[in-house]
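Have a look at the structure below, then the notes.
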Amino acid sequence: MKGNIRTALPVIALCAMLLFSSCNDTSTEKTIAGQYESVGDSDDQKITYHITHIKENVYGIKVDASFDGTDSQTDYLEGSFNPEERILTTKRSNVVLNYQFSSDYNSVGLMGDENDIKLERIE
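Read left to right, the sequence shown gives residues -27 to -1, 1 to 96 (mature numbering (1 follows the signal peptide of the UniProt record, and there is no 0)).
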C-alpha cells in the first residue's frame, strides 16, 4: 500500500502542475472591448466608440460623434466579431460596416474603398 502511495504522489503532483499551468489568466488578455477615438480629425470633430462585450462574439457599440465641438449625436449598434479575421461587422438600415482591428487591438479602421475612419484605443 505504501508503494502505491509513493508511486501515485508524483503522478498527482505532475497532474496538478499541468492543470495549474494550463489555466491561463485571461483577465490580461486583450479583446476588442474598450474605448476608441478617431484620429486625424479636425479639432472640432470627434468620434468615440465604446465597445462592450455582450455574449460570445456579440458586442454592443455606443458611438458618440461631435462635429462642431458642441452638438453631439449618440448611436447604438450591435455587432458580431470574427476573432480569426479580427473583423467586427455591424448592420444598420441595410448598411453593413466592417471594422478591421490590429493584432494588438490598439487600433481599428473602417474597411472599404471610400472609408478613411481610423480609431485608436484610449483606455
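Where is the CB? At the ideal position from N, CA and C, for every residue including glycine. A quick note: this is a predicted structure, and the numbers were derived from the prediction, not measured.
Legend entry - Contacts around Ser80, its chain only, beta-carbon distance under 6 Å, and the 5 residues preceding and following it disregarded: Counting only Cβ-Cβ distances below 6 Å, and skipping sequence neighbours, we find Glu93.
Among Val68, Gly52 and Asp77, which one has its Cα closest to the Cα of Tyr22?
Scanning Val68, Gly52 and Asp77 for the CA closest to the CA of Tyr22 turns up Gly52.
Which stretch, first to last residue, makes up the beta strand (DSSP E) that contains Glu58? It is not in any beta strand (DSSP E) - Glu58 carries neither H nor E in the DSSP assignment.
- Task: Please classify Tyr49: is it buried, with 16 or more other beta-carbons within 10 angstroms of its beta-carbon, or exposed?
- Result: Tyr49 is exposed by the Cβ-count criterion.
Margin query: Out of Ala38, Arg65, Val68 and Asp77, which one is the CA nearest neighbour of Arg59?
Written below: It is Asp77 whose Cα lies nearest to the Cα of Arg59.
message = Taking the beta strand (DSSP E) that Gln18 belongs to, which residues open and close that run?
response = Note, Gln18: premise wrong, no beta strand (DSSP E); not H, not E.
- For Ile95, count neighbouring Cβ atoms within 10 angstroms of its own Cβ and tell me buried if that reaches 16, exposed if not. Result: exposed.
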